[in-house]
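> This note's numbering applies: residue 699 is where the sequence shown begins, and numbers increase by one. Virtual Cβ for every residue (Gly too), placed ideally from N, Cα, C.
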Amino acid sequence: MPRLSTEQRLANIHAQAMAQFDDVQSALRDERLQCLQDRRFYSIAGAQWEGPLQDVYENKPKFEVNKVHLSVIRIINEYRNNRITVDFVSKDGSKDDKLADVCDGLYRADEQDSGAQEAYDNAFEEAVGGGFGAWRLRSVYEDEEDNENERQRIRIEPIYDADSSVFFDLGAKRQDKSDAKYCFVLYSVPRKQYEEEWGDDPASWPKEIHQYEFDWLTPDVVYIAEYYKIEETKQAVHVFAYPDGTEERFTDDELDEDDGKQRKLLDAMAAKLARTKRVKRQRCRKYIMSGGGVLEDAGYIAGKNIPIVPVYGKRWFVDNIERCMGHVRLAKDAQRLKNMQLSKLGEVSALSSIEKPILLPEQVAGHQMMWAEDNIRNYPYLLVNPITAPDGSTQAAGPVAYTKSPNIPPAMAALLQITETDMQDILGGQKGADKLVSNISGKAVEMIQQRLDMQTFIYMSNFSKGMRRCGEIWLSMAKDIYVEEKRKMKSITETGAPMPVELMRPNIGDSGEVVIENDLSRAAFDVAVSVGPSSESRRAATVRALTAMMAITQDPEIAQVLANMALMNMEGEGVDDARSFFRGRLLRAGVVKPTEEEAAMLAQERQAMAQQENAQETFLKAASEEATAKAAKARADTILTVAKAEETRAKAEETRAKTVTEIAKLRPGVSE
């Protein structure tokens, strides 16, 4: 079979992509259109009257009392009050995995640098309002202005109007679309900008054979599609055994690169082929297309996954079609009915509530201006002309009749009350929340808030599935681009403090061998997410729980630890230094797990303390020895003094004895 040229290959890919898009767009168009209408319904003024209802009320008042908007905003605020993030967990359950902590810190840093909260917030709002939202992950150069810097970072970016611009293949059944084989992401650019950037005529869209459902080209903008396609290949992995019993794996490409340099090295080391295994390798390729053809073959992107994260409000499959909706759809009819009733009431109330007299023309002839200006000038009286009788005589007469204010139908009053109750049932009204007073217990407050949280938990739970998928995609991309030796990157701790991380750092292991630390190419982790309480921030909930525990504990040491933990989690302006102080106390007590920077700081403190203790011990020992020496010297001096005194006494006795002897010689017979 002859090899296709690049142009022919891209043309075939474009035709295949267009056919795939037509299938997906046709199947999901009605569902996605409802999602778009739902978002317009609660967010755009006047959108609640769109459709046939607008024609019925064309020349009548059209009021909106948008209660759906308030309910949607409440759910959004519940999410924003409690952010959801990912946590990388070791597959073997090991808690002390430094590489997992490194991935956590780098992920938080990428979130911070790329403004990921905007992407998360936009996707969550579109999922709650319409039923479907999405965001993307993209690898970009760390410094695009530096030609020599080829290092990349991962960015998390929003996708707007995801319900009308993001389409996965129909065979993808998983909610996170991890089983998708292709994906389309559409965006529009102005026609002039398109011509300047691509140099192509956007009018060259071929429509000779098929009329596709989606209008790619419009008079004002040109729609461009990003086409992501998963390619799976089978690869042979050869396992070689060395004489010392160790094994190493190589693919065919690795063995054949550089003219078989690796094969020669294996032969020189007497390595033998132990076994061969064929494995599947998945990669994602990206194309940029217009209606006329492929604009750019972007090649394989970082990671092995489609870098698009979908989020659903509520989702299910019916008749093999993926269906979704948010918080708005079921309340639309009740909201429309309420708007109709209020508009009718407004129309009725706009009519005059004052009884107006009905007069004959001849009665007001010449007094028309007085009657017309009475509501402004408030005349003390009004004049009328007498009526001419059939016989020609004149007679005074009052008004013929009076107008009456229109009556409100009894059914409308009852319907207003029913509609209000139905909207509360559908939207989840805050029953009980308005009854909160200052003298009820905290437990009662939590029970009321829990009832409110249960109405929104499905959206938080579905969003957490998207966050978990985001972590999986990020890890797959990071294993490809965060592999430079001794690359220093910014990491963010759990407390939000920045700290440096050095990738591929060589170090000496416990057994003396050289190990490579922070090697993300071997990172294989599970991704976990946690959904905390929706009523308050996690810090406030933690402080409340710790305070309650302090009231029941009897151990002073435990009470001190709980107090320090509560103070470490307190919120407020200017308390960062205080939180750091109490965290330091807990670190030194061994209560909380230190970061690498904190562990190094504690090691330095212990070393300095040990040196101080050694110095104190040496001083005390020297002082003790000095005191002992002085005591010995004093004892020796005392002994010497006593000895000298004894010697003096002995000499005195000897002298006395000699004296007596001499006297006895001189004077015989004289005794002592």
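State the CB to CB distance for the pair T1435 and K1036, rounded to an integer number of angstroms; the pair is presumed to be in contact (CB under 8 Å).
Given that the chain is displayed from residue 699 to residue 1370, the structure contains no residue 1435 and the question cannot be resolved.
> Out of I1074, N1267, A1095 and A1195, point me to the one whose CA is closest to P1084's CA.
Along the sequence shown, one-based indexing puts residue 1084 at 386. Among I1074, N1267, A1095 and A1195, the Cα nearest to that of P1084 belongs to A1095.
> Under 8 Å, do K890 and L1125 count as touching if we go by C-beta distance?
Within the sequence shown, residue 890 is the residue found at index 192, counting from 1. Within the sequence shown, residue 1125 is the residue found at index 427, counting from 1. Not in contact: K890 and L1125 (Cβ atoms no closer than 8 Å).
> Are Y925 and F882 close, meaning C-beta to C-beta below 8 Å?
Translated into positions along the sequence shown, residue 925 becomes position 227. Translated into positions along the sequence shown, residue 882 becomes position 184. Yes.
> Can you give the Cα-Cα distance for V1082 and E756, rounded to whole angstroms?
Within the sequence shown, numbered from 1, the residue matching residue 1082 stands at position 384. Within the sequence shown, numbered from 1, the residue matching residue 756 stands at position 58. C-alpha of V1082 to C-alpha of E756: approximately 40 Å in a straight line.
> Can you tell which of R872, A1222, Y1010 and M987 has its C-alpha closest to the C-alpha of W896?
What you label residue 896 is simply residue 198 of the sequence shown in a count that begins at 1. Considering only alpha carbons, the answer is M987.
> For V992, which option in S788, N1262 and N710 has the closest C-alpha, if you only look at C-alpha atoms?
By 1-based counting over the sequence shown, the position of residue 992 is 294. Closest by alpha carbon: N710.
> Give the straight-line distance between the Cα atoms of V1026 and M1158, rounded to the nearest whole angstrom.
Start at 1 with the first residue of the sequence shown, and residue 1026 comes out as number 328. Start at 1 with the first residue of the sequence shown, and residue 1158 comes out as number 460. The straight-line gap from Cα to Cα measures roughly 16 Å.
> Going by DSSP, which residues form a beta bridge with M1197?
Within the sequence shown, the letter at position 499 stands for residue 1197. Beta-bridge pairing links M1197 to S1189.
> Are three or more beta carbon pairs between the segment 1274-1289 and the segment 1253-1266 nearer than 8 Å?
With contact defined as three or more Cβ pairs closer than 8 Å, the segment 1274-1289 and the segment 1253-1266 are in contact.
> Suppose only complete runs of 4+ residues qualify. What are the alpha helix (DSSP H) ranges in the segment 925-1005, listed by chain order?
950-966
> Between the beta-carbon of S788 and the beta-carbon of F1223, is there less than 8 Å?
As a first step, residue 788 is located in the sequence shown; it is residue number 90 there, counting from the start. As a first step, residue 1223 is located in the sequence shown; it is residue number 525 there, counting from the start. Yes, Cβ-Cβ distance for S788 and F1223 is below 8 Å.
> Give me the Cα-Cα distance between Q752 and Y858, rounded to the nearest whole angstrom.
For the purposes of this step, residue 752 is identified with residue 54 of the sequence shown, where counting begins at 1. For the purposes of this step, residue 858 is identified with residue 160 of the sequence shown, where counting begins at 1. Answer to the nearest angstrom: the Cα atoms are 28 Å apart.
> Please report how far the alpha carbon of Q735 lies from the alpha carbon of A860, in whole angstroms.
On the sequence shown, residue 735 is found 37 positions in, with the first residue counted as 1. On the sequence shown, residue 860 is found 162 positions in, with the first residue counted as 1. C-alpha separation (whole angstroms): 13 Å.
> Kindly indicate which residue of W833, A1287 and I1250 has the alpha-carbon position closest to the one of R1304.
Residue numbering aside, residue 1304 sits at position 606 when the sequence shown is read from its first letter. Here the closest residue by C-alpha is A1287.
> Consider the Cβ of A1332: report whether some Cβ of chain D lies at a distance smaller than 8 Å.
Given the protein chain composition of this structure (a single chain), no chain D is represented.
> By DSSP, does M1023 sit in helix, in strand, or in coil?
Position 325 of the sequence shown, counting from 1, holds the residue named residue 1023. Strand, per DSSP.
> With distances taken Cα to Cα, identify the nearest neighbour of S812 among R1034, R853, F1161 and A1348.
On the sequence shown, position 114 is the one that residue 812 refers to. For the residues R1034, R853, F1161 and A1348, the minimum Cα distance to S812 belongs to R853.
> In whole angstroms, what separates the C-alpha of A1226 from that of G989?
Mapped onto the sequence shown, residue 1226 falls at position 528. Mapped onto the sequence shown, residue 989 falls at position 291. Going from the Cα of A1226 to the Cα of G989 covers about 41 Å.
> Would you check if the distance between the CB atom of Q810 and the CB atom of I1190 is smaller than 8 Å?
The residue you call residue 810 lines up with position 112 of the sequence shown. The residue you call residue 1190 lines up with position 492 of the sequence shown. In this structure, I1190 lies closer than 8 Å to Q810 by Cβ.
> If we ignore side chains and look at the alpha-carbon of each, how far apart do A1070 and K1042 end up?
On the sequence shown, position 372 is the one that residue 1070 refers to. On the sequence shown, position 344 is the one that residue 1042 refers to. Whole-angstrom Cα-Cα distance: 28 Å.
> Would you be able to state if there are at least three C-beta pairs under 8 Å between the segment 1000-1008 and the segment 866-883?
yes
> What three-state label does DSSP hand R1167 in the structure shown?
Walking along the sequence shown from the start, residue 1167 turns up at place 469. DSSP places R1167 in helix when its eight states are reduced to three.
> Start and end of the beta strand (DSSP E) containing G831?
Along the sequence shown, one-based indexing puts residue 831 at 133. Taken as a continuous stretch (DSSP letters only), the beta strand (DSSP E) holding G831 covers F830 to Y839.
> Tell me D785's beta-bridge partners as DSSP assigns them.
The residue labelled residue 785 in the question sits at position 87 within the sequence shown. Its beta-bridge partners are A1226.
> Should A817 and P856 be called a contact, given that it needs their Cβ atoms to be closer than 8 Å?
Along the sequence shown, read from residue 1 onward, the residue named residue 817 stands at position 119. Along the sequence shown, read from residue 1 onward, the residue named residue 856 stands at position 158. Cβ distance < 8 Å, so A817 and P856 count as in contact.
> Let me know the secondary structure DSSP gives Q873 once reduced to three states.
Here residue 873 is taken as the residue at index 175 of the sequence shown, counted from 1. It is coil, neither helix nor strand.
> For the beta strand (DSSP E) containing V1290, list its first residue and its last residue.
Translated into the one-based positions of the sequence shown, residue 1290 becomes position 592. Element bounds for V1290: n/a, residue is neither H nor E.
> Report buried or exposed for D951, applying the criterion of at least 16 other Cβ atoms within 10 angstroms of its Cβ.
Reading the sequence shown from its first residue, position 253 is the one you call residue 951. Around the C-beta of D951, fewer than 16 other C-beta atoms lie within 10 Å, and the residue is accordingly described as exposed.
> Could you tell me the alpha carbon to alpha carbon distance between A901 and E894, rounded to whole angstroms?
Reading the sequence shown from its first residue, position 203 is the one you call residue 901. Reading the sequence shown from its first residue, position 196 is the one you call residue 894. Model confidence at A901 stands at a pLDDT of 48, short of 50, so the residue's coordinates are unreliable; what they give is reported in the following sentence. Here the C-alpha atom of A901 lies approximately 14 Å from the C-alpha atom of E894.
> Could you give the distance in angstroms between the alpha-carbon of K1163 and the alpha-carbon of A1306?
Counting from 1 along the sequence shown, the entry for residue 1163 is found at position 465. Counting from 1 along the sequence shown, the entry for residue 1306 is found at position 608. Rounded to the nearest angstrom, the two C-alpha atoms are 48 Å apart.
> Helix or strand or just coil, what does DSSP make of E1303?
The residue given as residue 1303 occupies position 605 in the sequence shown. Three-state DSSP puts E1303 in a helix.
> Cα separation between D795 and N779?
Within the sequence shown, the letter at position 97 stands for residue 795. Within the sequence shown, the letter at position 81 stands for residue 779. When rounded, the distance between both Cα atoms is 30 Å.
> Roughly how many whole angstroms lie between the Cα atoms of F719 and F865?
Working through the sequence shown from its first residue, we reach residue 719 at position 21. Working through the sequence shown from its first residue, we reach residue 865 at position 167. Distance between the alpha carbons of F719 and F865 is about 8 Å.
> Around the Cβ of K1342, are there at least 16 other Cβ atoms within 10 angstroms (buried) or fewer (exposed)?
For this step, residue 1342 is matched to residue 644 along the sequence shown. The residue in question, K1342, is exposed, as its Cβ has fewer than 16 Cβ neighbours within 10 Å.
> In this structure, how does DSSP classify I1206 when only helix, strand and coil are distinguished?
Within the sequence shown, the letter at position 508 stands for residue 1206. DSSP places I1206 in strand when its eight states are reduced to three.
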